[in-house]
Structure formats: C-alpha cells, structure tokens
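Peer 1: 710 is the number of the first residue of the first sequence in our numbering; add one for each residue after it. Supplied in structure tokens, the structure appears directly below.
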Amino acid sequence: MADITTNDPNAPADKPSNFINEIIEEDLRTNKYEGRVNTRFPPEPNGYLHIGHAKSICLNFGLAEKYNGMCNLRFDDTNPTKEEVEYVDSIMEDVKWLGFDWQDRLYYASDYFDQLYAWAEKLIMQGDAYVDDLTGDEIRQHRGTFSEPGKESPYRNRTVDENIDLFRRMKAGEFPDGSKTLRAKIDMASPNLNMRDPVMYRILHAEHHRTGDKWCIYPMYDWAHGQSDSMEKVTHSICTLEFENHRPLYDWFVEKLGIYHPQQIEFARLNLTYTMMSKRKLLQLVEEKYVESWDDPRMPTISGLRRRGYTPASIRAFADRIGMAKRDNMIDVAQLENCIREDLNKTAPRMMAVIKPLKVVIENWPADSVEALEAINNPEDASMGTRKLHFTKELFIERDDFMEDPPKQFHRLAPGKEVRLRYAYIIKCESVLKDPASGEVTELRCTFDPETRSGTGTSTKKVKGTIHWVSAKFGKTAEVRLYDRLFSVEDPGSVKEGDWHDTINANSLEILSNAKIEPALSESKPGDKMQFERLGYFCVDKNATADNLIFNRTVSLRDSWAKIKKGL
RNA sequence: UGCCGAGUCGUCUAACGGUAGGACAGCGGCCUUUGGAGCCGUAUGCGGAGGUUCGAAUCCUCCCUCGGCAGCCA
C-alpha cells in the first residue's frame, strides 16, 4: 500500500482521514496558528512504552510529517517518586526505533519548573490561587460528590500576601510532605470535579532524576501540561479520552495566565484483545516474574515486540490501519499479527528448520552420498536468490508431519503413504520404529523415488503434501521459543482487580531445545529475521550467540490445517 | 446520582443531506513443490422511536446503551 501514489498528498491511500486531520486542516485553512502544526509526544518516564503508546507516537509524529510540521518529545516528569532515567532512555530508544525523529526538540517538564513556579506566583497575585492547609482526606471530603457540590476550604480566602509568603516557604522546604498544597481558586460547586479548586503543587521532599533536590514542591499534571505545551508553542495537544474532563482546566490556566493557547484534542486509546495495556500491571508482571523483563517477547511493550521480531514498519502499518476515533475500541490482536506477516512475507528469507525432530532414514539412499539441491530464498522476491541444500541418507522431519493413523484430510506422512520433501524427492514411509517401553515413534524408515527430484519433471507423480526437512549430517542444533498470548481472556484490562493474576496464561512460553536448523542458519545474528518454512516467522534472540542460537517465533504462518484439525 | 463523551458488518474504520465502502476475522472456490503467499467470490451493519426533507448514518427532539471523572498519579 505504501507505494501507491495519489494525486493528493494530503490524502494518501494508506492513511484514511480522521477527525483530527479534519480539525488540523480546518485550522490550516483559517490560519489559526499561522499555518503551523506542532504536536508533541509527552510520556511520563515511569515505565516502558507499549503498543498503545506506539499509536500515539505514530499519530503525533505522523501528523507532523503529513502537514510538514514538527513533533516534540517531552518527558512529563512531574512526579519524582515514580520516574527513573532507565525509563527515559528506553523511551528515546523506542521512539527512534519506530523511525521517528524529534531532532533538537527534546524537552522535559522539569526544565519548566522555574517558569511554572513564577506563573504560580502570578496566579496567587491575581487572587486565582491559594495555599491550603487541608489534609488529603479533608480535601477529598470537601470536594463533594458527583451529585453534591463541594465545600470551600477554610483557608480559601487567605490574603495575597499570606499566600505568597506561605507558598515561598513551601518552596523553601519549611513544611513537611502533605502539610500544604497550592490550589487554583475556581469553583467548588462546578459540575466538573476537576474545576473544584484543583491542586497545583504538592510538597514532596523527593529526589528528582533530573533536578535532584532542588525542589521539594512539584507541579501536578494539570498545572504543568498545558503550560508546557504553551511554552513549546504546540498547536495541537493530543491526548487520550480520559483527559476530556481536564480540558476546561487546561483552558482556564492558559487563559488566566494570558499566554499562548494550544488546543487539546482527545482520542480513544488502543485496546488489544488478550493484551494488558496498564503500565502498572505490566510492571507487576515484570516484578512478580511472570515474564523475564520489560522486553520479554510476550510483552506488548515496544521493546518486547522488537525482541519478538516485529519491525517498525509493521507497527506503523498497524497504527495506520486501526484508524483514529473517539469511540472505545477493542482491536483484534490478529490485526497486529497480520501486519507483521505482511511485512515479513515480503522481506524474510525462507529457511528450513525442524523444531520437533523425528529421524528418517532413506533406506535406498547410498550411505555416504550427498546431493546438492537448489532452494529459493524468497518466492516473493527473486532478487533474494537461491541457496544450496544437501540431501543425505539420514534426515529429520517434523514430528507433527507424521501420523500413524491419520485422518483422511492429513496430507503428510503416514505408514505406506508418500509425501514430498521440499526441494528434494518424494519419499514413502515403509516402516515405523518405536521405543518398546513407551511406544513412542523414534524413527521412520522410508524409500525415495529417484524419478521425482524437484524441478526435473521426469516424473508425473503427484502428492498432496510437501514437508520440510533438515539433513541429520549437516544440520545444527538450536533452541526455539514459541510464544502464546500472555492472557487467557479477551479483555484482561477489565478483570476485577484481585482476579487478574488468574487470567495469566501459564503456557505462554514453550522452549524447544533440540531444534534442527539448516546450515545456512548457523551464521544468524541477533535480530535476524527469517521464515522457517511452514512454521512461521522467527527472529534471533538478542541473547543468542554462535554456540547457543535462540530463535523466537514472531508469529506462526496462517495455518489452514489447524482449522481442519479443530473441526475433526 | 451530576457533568463530559461515544454508539455504522463479528472487530476496527470510512461517509460530512444523494448508491453504506475498506481492512482484519469468517465462509466458499481457484492456484500452489510452504495446508504459506496470491487471486476470485460471498454473508453479516447505520442502538430505538418520532420529526424536518424529494431524499437522513449525516439535521432536530425524546429515549436506550456503553465509557470517563470524586489522587497531594499521569
């Protein structure tokens, strides 16, 4: 889709229009921001970015690209108790990896602490903010409820002088945590609870990852965000739906300050089936060792997807495809899987690997004979060339490709049945060897038909099945990791707080340590991506070494046999 | 319960008063030395009731349903 050209650069075929495009195009028409588009991606560095953030990143940076504007990266680091540099670093890495560039516009809300403080004094001077001595509990009690107005704090009508004095002493560290707050003086009876004198500053004697111990008062999100946008001359401040009720407050602050006024726009956050999107719970999965790390290939984090074998292009394609709207959504994870299959189908070289090996001996093949066969690296892309495969007397095939007593629809190997070995010969299963104790099939004795070599056309024999194989003599051993969804329910996010651990899929990881890979694969490097024919797309794990190769399955191939089997 | 917001195929998403279209999932078929890929076909949808209009998913009214908000989190 990406290479389709259109006459209208504002409406590429692969990016359907949405309500945000319409707002921006209208603003451009009316010259609302002097024709500028400046968005921003404002993560809090309190965790790793996930696929939901990718939607926002693609939106914000994508808009900047589309309208020839700019997108800033800004860390919303106003709560030192939750934030760490480890997260800052990972976030920058992930945004870059997705293919976006904030150029010289890397900002931190903490860079604005001085300005924010000065503006807070301005609001105090204007009589629009006051120092409150109420405790957290008391503030909550005074706030009222959905149906009842709140009550004004007894400290609400302190004089400007008293407020300034107290606020300066708050900053100077004279008061303990929680003992005082600075509040905006708005309306304790507002139907919008965010307008009932919201807290602007709280006292926190905590070390900040960038400002150290310079501050012991920290701005709240609402007080920091709009003003940060304003300072950066952001035009369109795009956030998720839960901030809709904050917009009146966002507007109130910039208007009271009389500063440049960006426009907040809200969109629906991404929900994916069988996927946990809560940062807090993803942290728990890591801390409680349900997964190895933030970049465990089962995690919906950007780094997890990267390690799993997802490409930046596939994630961007996904973001484009799911669209942008204000209604709540639950995207089928199959949609994501489709995006990576589509990408890798075009780009990943085909290789042969047997992940659950079953030994096959070709009885009528001379013991030491080796025959070179030509294999195509990618049927979708002839420029990827061919490679040689070596056929030998002893081979491995996939255990799942043999059944002793198969149903009619099974087009693979069975006693007395024939099947083609990919790029090689048609073989016939003559006998089955078993372990006498367990009854397990240990080896197949087969014969090959010399007239049926691939590509020769010397035989008209047809078989329904073609299976992959690896030479026992030349193949190498490697570890393969297969992944399943981390949660067993469609919407783990909606599970009751106490029960969500029960919805974790205990079998989300299967390790196969005796996989047989074709020789070409033994030179793979971490990050390499390939298709194992008939099994799926795989990616070499970041911890793999030449002596200890590890392949992560990114996604299986579409499997119509699995569907047939299910119906049997 | 107050305020804000949202309801279009199974799931997402278009439509801007003029033929409800696309993607994914599903189903059927073709093709195939990957049960892959590709190709073709197919079913299913405007939350409800009124109204305005020659004509309504779109405008108006009422209703219903769902989501968000009562952190010194973001």
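Where a beta carbon is used, it is the ideal one built from N, C-alpha and C, also for glycine.
1. What separation, rounded to the nearest whole angstrom, lies between the Cα atoms of residue 848 and residue 819?
2. Please list the terminal residues of the continuous beta strand (DSSP E) segment that includes residue 1178.
3. Should the region 826–834 be called in touch with the region 874–886, which here means at least 3 C-beta pairs below 8 Å?
4. Taking only runs that begin and end inside the region 824–901, name each unbroken alpha helix (DSSP H) of 4 or more residues, in chain order.
5. Can you tell me whether residue 943 is buried or exposed, with buried defined as 16 or more other CB within 10 angstroms of its CB?
6. Figure out for me which residue from 1183, 970, 1199 has the closest Cα to the Cα of residue 1231.
7. Just list the beta strand (DSSP E) runs in the region 1158–1198, keeping only unbroken ones of 3 residues or longer that don't cross its boundaries, in chain order.
8. From the DSSP output, in three-state form, read off residue 797 for me.
9. Quick one: any contact between the region 964–976 and the region 925–944, if contact means 3 or more CB pairs under 8 Å?
10. For residue 1094, count neighbouring Cβ atoms within 10 angstroms of its own Cβ and tell me buried if that reaches 16, exposed if not.
11. Which of helix, strand or coil does DSSP assign to residue 809?
12. Can you look up residue 1214 in the DSSP assignment and give me helix, strand or coil?
13. Tell me which same chain residues have a C-beta within less than 7 Å of the C-beta of residue 795, skipping the five on either side of it?
14. If you measure between the beta carbons of residue 1360 and residue 975, is that distance less than 8 Å?
15. Considering residue 935, what are the terminal residues of the alpha helix (DSSP H) in which it resides?
16. To the nearest angstrom, how far is it from the Cα of residue 1172 to the Cα of residue 1195?
17. How many Å lie between residue 855 and residue 892 at the Cα?
18. At a cut-off of 7 Å, is residue 1221 close to the ligand NAP when judged by its beta-carbon and the heavy atoms of the ligand?
19. Is there contact between the region 1154–1169 and the region 1125–1135, where contact requires at least three CB pairs shorter than 8 Å?
20. Count the C-beta pairs between the region 903–914 and the region 799–807 that are closer than 8 Å, then say yes if the count reaches three, no if not.
21. Are the Cβ atoms of residue 880 and residue 926 separated by less than 8 Å?
22. Kindly provide the ranges of any alpha helix (DSSP H) runs that are 4 or more residues long and lie completely inside the region 990–1036, ordered along the chain.
23. Residues bridged to residue 911 by DSSP?
24. Can the beta-carbon of residue 1156 be found closer than 8 Å to that of residue 1047?
25. Please confirm whether residue 769 and residue 749 have their CB atoms less than 8 Å apart.
26. Flag this pair as yes or no: are the beta carbons of residue 1068 and residue 1089 separated by less than 8 Å?
27. Rounded to the nearest angstrom, how far is the Cβ of residue 1019 from that of residue 1049, given a contact under 8 Å?
28. Buried or exposed: which applies to residue 779, given that a residue is buried once 16 or more other Cβ atoms fall within 10 Å of its Cβ?
29. Since I believe residue 841 is in contact with residue 864 (beta carbons under 8 Å), could you give me their beta-carbon distance rounded to a whole number of angstroms?
30. With C-beta atoms as the reference, is residue 1038 less than 8 Å away from residue 1058?
31. How many angstroms separate the CA atom of residue 1188 from the CA atom of residue 1174?
32. Based on the DSSP output, what are the partners of residue 945 in its beta bridges?
33. Using 10 angstroms around the beta-carbon of residue 785, count the other beta-carbons present and answer buried if the total reaches 16, otherwise exposed.
34. Given a cut-off of 8 Å, decide if residue 894 and residue 906 are closer than it, judged by their beta-carbon atoms.
35. Look up residue 962 in the DSSP assignment and give the residues it is bridged to.
36. Please tell me whether residue 773 and residue 807 are closer than 8 Å, where the distance is taken between their beta carbons.
Peer 2: According to the structure data:
1. Stepping through the first sequence from its first residue, residue 848 is reached at position 139. Stepping through the first sequence from its first residue, residue 819 is reached at position 110. Taking the straight line joining both Cα atoms gives about 26 Å.
2. Working through the first sequence from its first residue, we reach residue 1178 at position 469. Run containing residue 1178: 1178–1180, per the beta strand (DSSP E) assignment.
3. Contact holds: three or more Cβ-Cβ distances are below 8 Å.
4. Contiguous alpha helix (DSSP H) elements confined to the region 824–901 occur at 845–852, 869–881, taking only those with 4 or more residues.
5. As a position in the first sequence, residue 943 is number 234, starting the count at 1. Counting every other CB atom within 10 Å of its CB across the protein chains shown gives residue 943 a total of 16 or more, marking it as buried.
6. Residue 1231 sits at position 522 when you count from the first residue of the first sequence. Comparing Cα-Cα distances from residue 1231 to each of 1183, 970, 1199, the minimum goes to 1183.
7. When DSSP assignments are scanned along the region 1158–1198, the uninterrupted stretches of beta strand (DSSP E) that are 3 or more residues long and fall wholly within it turn out to be 1178–1180, 1185–1192.
8. The count along the first sequence starts at 1 and reaches residue 797 at position 88. Note: residue 797 maps to helix in three-state DSSP.
9. Enough Cβ pairs lie closer than 8 Å, so yes.
10. Residue numbering aside, residue 1094 sits at position 385 when the first sequence is read from its first letter. Burial is judged here by how many other beta carbons sit within 10 angstroms of a residue's own beta carbon; residue 1094 has fewer than 16 and is exposed.
11. Numbered from 1 along the first sequence, position 100 holds the residue referred to as residue 809. DSSP places residue 809 outside both helix and strand once states are collapsed to three, so it counts as coil.
12. Mapped onto the first sequence, residue 1214 falls at position 505. In the three-state scheme derived from DSSP, where H, G and I count as helix and E and B as strand, residue 1214 is classed as coil.
13. As a first step, residue 795 must be located in the first sequence, where it is residue number 86. Taken in chain order, the list of residues that qualify is empty.
14. In the structure as shown, the chain starts at 710 and stops at 1277, and residue 1360 therefore has no counterpart that could be examined.
15. On the first sequence, position 226 is the one that residue 935 refers to. Residue 935 -> alpha helix (DSSP H) spans 930–940.
16. Taking the first sequence and counting its residues from 1, one reaches residue 1172 at position 463. Taking the first sequence and counting its residues from 1, one reaches residue 1195 at position 486. Rounded to whole angstroms, residue 1172 and residue 1195 show a C-alpha spacing of 39 Å.
17. Counting from one through the first sequence, the residue named residue 855 turns up at place 146. Counting from one through the first sequence, the residue named residue 892 turns up at place 183. Their Cα atoms are separated by approximately 20 Å.
18. Absent from the structure shown: the ligand NAP. Ligands present: none.
19. Output reads yes: the region 1125–1135 touches the region 1154–1169.
20. No, the region 903–914 does not touch the region 799–807.
21. Taking the first residue of the first sequence as position 1, residue 880 is located at position 171. Taking the first residue of the first sequence as position 1, residue 926 is located at position 217. A contact, by the Cβ cut-off of 8 Å.
22. Fully enclosed alpha helix (DSSP H) runs of 4 or longer: 1011–1017, 1021–1031.
23. Residue numbering aside, residue 911 sits at position 202 when the first sequence is read from its first letter. Answer is 890, 927.
24. Locating residue 1156 in the first sequence gives position 447, counting from the first residue. Locating residue 1047 in the first sequence gives position 338, counting from the first residue. Contact flag unset, no.
25. Your numbering for residue 769 matches position 60 in the first sequence. Your numbering for residue 749 matches position 40 in the first sequence. Yes.
26. Taking the first sequence and counting its residues from 1, the one referred to as residue 1068 is at position 359. Taking the first sequence and counting its residues from 1, the one referred to as residue 1089 is at position 380. No; because the gap between Cβ atoms is not below 8 Å, this pair is not in contact.
27. If you number the first sequence from 1, residue 1019 lands on position 310. If you number the first sequence from 1, residue 1049 lands on position 340. So it is a contact: roughly 5 Å between Cβ atoms.
28. Here residue 779 refers to the residue found at position 70 when the first sequence is read from its first residue. Per the 10 Å Cβ criterion, buried.
29. By one-based count along the first sequence, residue 864 stands at place 155. By one-based count along the first sequence, residue 841 stands at place 132. Confirmed, about 5 Å.
30. Locating residue 1038 in the first sequence gives position 329, counting from the first residue. Locating residue 1058 in the first sequence gives position 349, counting from the first residue. No.
31. Counting from 1 along the first sequence, the entry for residue 1188 is found at position 479. Counting from 1 along the first sequence, the entry for residue 1174 is found at position 465. Going from the Cα of residue 1188 to the Cα of residue 1174 covers about 27 Å.
32. Locating residue 945 in the first sequence gives position 236, counting from the first residue. Under DSSP, residue 945 forms a beta bridge with 972.
33. Reading the first sequence from its first residue, position 76 is the one you call residue 785. Flag for residue 785 reads buried.
34. If you number the first sequence from 1, residue 906 lands on position 197. If you number the first sequence from 1, residue 894 lands on position 185. It is a contact, given that the beta carbons lie within the stated cut-off.
35. In the first sequence, residue 962 corresponds to position 253, counting from 1. DSSP lists no partner for residue 962.
36. Numbered from its first residue, the first sequence carries residue 773 at position 64. Numbered from its first residue, the first sequence carries residue 807 at position 98. The answer is no: Cβ separation not under 8 Å.
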